[in-house]
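Going by the numbering used here, the residue at position 254 of the sequence shown is 266; the numbering climbs one at a time, nothing skipped. Some notes on the structure that comes next.
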Amino acid sequence: MARPVPSWRGVQRRGGGWADLMPTVDEFFGTSTQVCGGFWPFGTDMALPVEGVPVGRSMMTGAGVCCDPISWFKAGIIEQPSMFVMGLPAIGKSTFVRRQEWGLAALGVNAIIPGDLKPDYAALTRLLGGQVIRLGSGLGSINPIDPGDVHQVLKRLSGRLRDDLLADYHERRAALLEVLLTIARSGRADAGRTVSDVESNVLSTALKLLYERTRDWPCPPVISDLRDLIRDAPPEVRAAAVFDDPENDDAVAMATRDLLASLHGLSNRIGRFGRLFSEQTTEAIDLTRPVDFDISALAQGGDDVVAAVLAATWSAAFAAKNAQDMLAEAGLAPRRNNVIIMDEMHRALRASPLMVDRLDLLTRLNRQWGVGQIMITHTFADLLCLGTDAQNAKARGFVERSKIKVLGALSRTEVDRYLRGESGLPISMREEDLLADWGTPTNYASGASFKGVGKFLVKLGGLPGIPIDVQMCELERSGFNDTNTKWRS
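Below you can see the structure in the form of structure tokens.
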């Protein structure tokens, strides 16, 4: 009797190895001298990335996949340390990004979350020994006159480093105040009116003059000090307000009236923004550990208040990072890299056109600043609902310049119209089928909507995407990944 010839499925007989589906086996990587005593030539090429944070297993091979913007940048896989995470609600975006925060902390890179609305990251940040700064009505304050607590750092520096930090300090404070003033005016009859050229000139001049007067103070000045200085109208402010007739009191008063009213609104403790911007910063940023700005107390507030706080926390985070770099260059502190995690982007972008400009600058300069970024939103359409075509074009650039795209469940319309059409991201029909299938429940049974939870497609340029399944460990299942706690009995 002729012996059966086995196929790739094995031998179809009793005791044979006939299989309907090839099993997924664990893969172990090692040098040629470590694996089976060594062999040459190598049997296969390791195509999946093993640099960075373990994020899950490939849904095609079962092999482990590692990915994060910092490690991939350092390994030369991408040119900028940037990642964009996009997908429908409740599919595990926050869980994926928390894995990034946790894994990067183990690799020595601390995360900064400058606006945690739900909050999604506070519990993990505490678990990592990090700093959670709570902001909200009656909870805490952030001083826009001293974003990043640079007032104290300037006293420790000298020479070129101090001059560079001071120049950045002046520019950052003026830019932040212009954003806050624009947002503060959004509820008035002249809603949408930005800071005028005269007001911008007065603001910049007054800030520099205020610093010279208060540089030796133990604590930095606050907005009310800036308001009072402009109201007193010293010669420098007069010249900035009315350059052709600075001695004309009526002209100076007219030129600064709206600016003073807006500054008073920000500094009024019982006004629209409460204590948020009227007092000294409640808690200074500590970049030696992960930092989370918990603004969940404002989650039910208007987009204008949320955007104003996000503008302040973003500015504070980058100011503190820049100050840390200056101290490191002076040999006064160790050099550190950080990753900035920006969630719920659409709420900030809709409130003020200046927010788009500030974020646009961030996405272009993160490599030079020594900081990575992870942006999260629901759909690409969130970035195309701004006031003008120019703003939409800038927001579109956030996705295009993010080297790593992590896509969760999305509709076919979103993929075809926005990702392919607006962004030009090459997505194959097979990849589109995956994204659409993850967003479609299996049936009407209980738990059917969980089909796409934890599944993501990691895209890098025009390369085929890597479909992964994020598998949580026991500690991750212990509670800090549950964003539905208010639904638990």
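Ideal Cβ placement from N, Cα and C applies to all residues, glycine included. It should be emphasised that the depicted structure is a prediction, and the values quoted were computed from it without experimental measurement.
*Got a sec? Which residues, its chain only, sit under 6 Å from R250 by beta carbon, not counting five neighbours each side?*
Position 238 of the sequence shown, counted from the first residue, corresponds to residue 250. Taken in chain order, the residues that qualify are P258, V264.
*Going straight from the alpha carbon of T226 to that of F85, what length do you get?*
The count along the sequence shown starts at 1 and reaches residue 226 at position 214. The count along the sequence shown starts at 1 and reaches residue 85 at position 73. Taking the straight line joining both Cα atoms gives about 41 Å.
*Alpha carbon to alpha carbon, what distance is there between D262 and C231?*
Walking along the sequence shown from the start, residue 231 turns up at place 219. Walking along the sequence shown from the start, residue 262 turns up at place 250. Using only the alpha carbons, I get a separation of about 34 Å.
*Starting from the C-beta of R110, find all residues in its chain whose C-beta is less than 6 Å away, skip the five residues before and the five after it, and write them out in chain order.*
As a working note, residue 110 is residue 98 in the sequence shown. Counting only Cβ-Cβ distances below 6 Å, and skipping sequence neighbours, we find L136.
*So M95 and I386 are in contact, right, with Cβ under 8 Å, and what is the actual spacing, rounded?*
One-based indexing of the sequence shown puts residue 95 at position 83. One-based indexing of the sequence shown puts residue 386 at position 374. M95 to I386, Cβ: 5 Å. Contact.
*Among K333, L189, N122, which residue has its Cα nearest to the Cα of A323?*
Along the sequence shown, one-based indexing puts residue 323 at 311. The residue with the shortest Cα to Cα distance from A323 is L189.
*Per the contact definition of three or more C-beta pairs closer than 8 Å, is the stretch 70-83 in contact with the stretch 352-361?*
no
*Just to confirm, are D355 and D132 a CB contact at a threshold of 8 Å?*
Counted from its first residue, the sequence shown places residue 355 at position 343. Counted from its first residue, the sequence shown places residue 132 at position 120. Yes. Within cutoff.
*Looking at the unbroken beta strand (DSSP E) that takes in F330, where does it start and where does it end?*
Here residue 330 corresponds to residue number 318 of the sequence shown, with the count starting at 1. Unbroken run through F330 is the alpha helix (DSSP H), 315-341; no beta strand (DSSP E).
*How would you call L339, buried or exposed, if buried means at least 16 neighbouring beta carbons within 10 angstroms?*
The residue you call residue 339 lines up with position 327 of the sequence shown. When all chains shown are included, L339 counts as buried.
*Find the nearest neighbour of A273 within the set A253, D240, I103, R25, judged by alpha-carbon distance.*
Here residue 273 is taken as the residue at index 261 of the sequence shown, counted from 1. Answer by Cα proximity: D240.
*Which value, in whole angstroms, describes the spacing of the CA atoms of L129 and D256?*
By one-based count along the sequence shown, residue 129 stands at place 117. By one-based count along the sequence shown, residue 256 stands at place 244. Their Cα atoms are separated by approximately 48 Å.
*From the DSSP output, in three-state form, read off V264 for me.*
As a first step, residue 264 is located in the sequence shown; it is residue number 252 there, counting from the start. Three-state DSSP puts V264 in a helix.
*Exposure of L487, with buried meaning 16 or more beta-carbon neighbours within 10 Å*: For the purposes of this step, residue 487 is taken as residue 475 along the sequence shown, with counting starting at 1. Result: exposed.
*In terms of alpha-carbon separation, which member of I352, G74, L169, A331 lies closest to A117?*
Counting from one through the sequence shown, the residue named residue 117 turns up at place 105. Among I352, G74, L169, A331, the Cα nearest to that of A117 belongs to I352.
*asked:* So, for R69: in the same chain, excluding its five sequence neighbours on each side, which residues have a beta-carbon less than 7 Å away from its beta-carbon?
replied: In the sequence shown, the residue the question calls residue 69 occupies position 57. Excluding residues within five positions, the ones whose Cβ falls inside 7 Å are A75, G76, V77, I480, D481, Q483.
*Test item: CB-CB of V383 and K333 under 8 Å*: Locating residue 383 in the sequence shown gives position 371, counting from the first residue. Locating residue 333 in the sequence shown gives position 321, counting from the first residue. Yes, the Cβ-Cβ distance between V383 and K333 is below 8 Å.
*Just to confirm, are L469 and L437 a CB contact at a threshold of 8 Å?*
Stepping through the sequence shown from its first residue, residue 469 is reached at position 457. Stepping through the sequence shown from its first residue, residue 437 is reached at position 425. No, Cβ-Cβ distance for L469 and L437 is not below 8 Å.
*asked:* For R489 and K105, I'd like the C-alpha separation in whole angstroms.
replied: Position 477 of the sequence shown, counted from the start, is the residue given in the question as residue 489. Position 93 of the sequence shown, counted from the start, is the residue given in the question as residue 105. C-alpha separation (whole angstroms): 15 Å.
*Applying the criterion that 16 or more other CB atoms from any shown protein chain within 10 Å of the CB defines a buried residue, is A203 buried or exposed?*
Here residue 203 is taken as the residue at index 191 of the sequence shown, counted from 1. With a pLDDT of only 46 at A203, under the threshold of 50, the placement of this residue in the model should not be trusted; the figure read from the coordinates follows. With fewer than 16 Cβ atoms within 10 Å of its Cβ, A203 is classed as exposed.
*Who are the near neighbours of M502 in its chain, counting only those whose CB is closer than 8 Å to its CB and skipping five residues on each side?*
With the chain covering 13 to 501 only, the question about residue 502 has no answer from this structure.
*Count the other CB atoms, across all protein chains shown, that sit within 10 Å of the CB of P61; report buried if there are 16 or more and exposed otherwise.*
Indexing the sequence shown from 1 puts residue 61 at position 49. By the neighbour-count rule (16 or more Cβ atoms within 10 Å), P61 is buried.
*Go to T217, then tell me how far its alpha helix (DSSP H) extends in each direction, as first and last residue.*
Position 205 of the sequence shown, counting from 1, holds the residue named residue 217. Counting along the chain, the alpha helix (DSSP H) containing T217 begins and ends at 209-226.
*Secondary structure of N513, DSSP reduced to three states*: Examination of residue 513 is not possible in this model, given that the chain is present from 13 through 501 alone.
*Whole-angstrom distance between I154 and G171, CA atom to CA atom*: Here the question's residue 171 lines up with position 159 in the sequence shown. Here the question's residue 154 lines up with position 142 in the sequence shown. About 29 Å.
*For I124 versus A335, is the C-beta spacing smaller than 8 Å?*
On the sequence shown, position 112 is the one that residue 124 refers to. On the sequence shown, position 323 is the one that residue 335 refers to. No, these two residues do not count as a Cβ contact at 8 Å.
*Starting from the Cα of D316, find the closest Cα among S198, L288, R429, G277 and give me that residue.*
In the sequence shown, counting from the first residue as 1, residue 316 sits at position 304. Of the candidates S198, L288, R429, G277, the one whose C-alpha sits nearest the C-alpha of D316 is S198.
*H390: which of L100, R26, S423 sits nearest, CA to CA?*
For the purposes of this step, residue 390 is identified with residue 378 of the sequence shown, where counting begins at 1. Per the Cα distances, L100.
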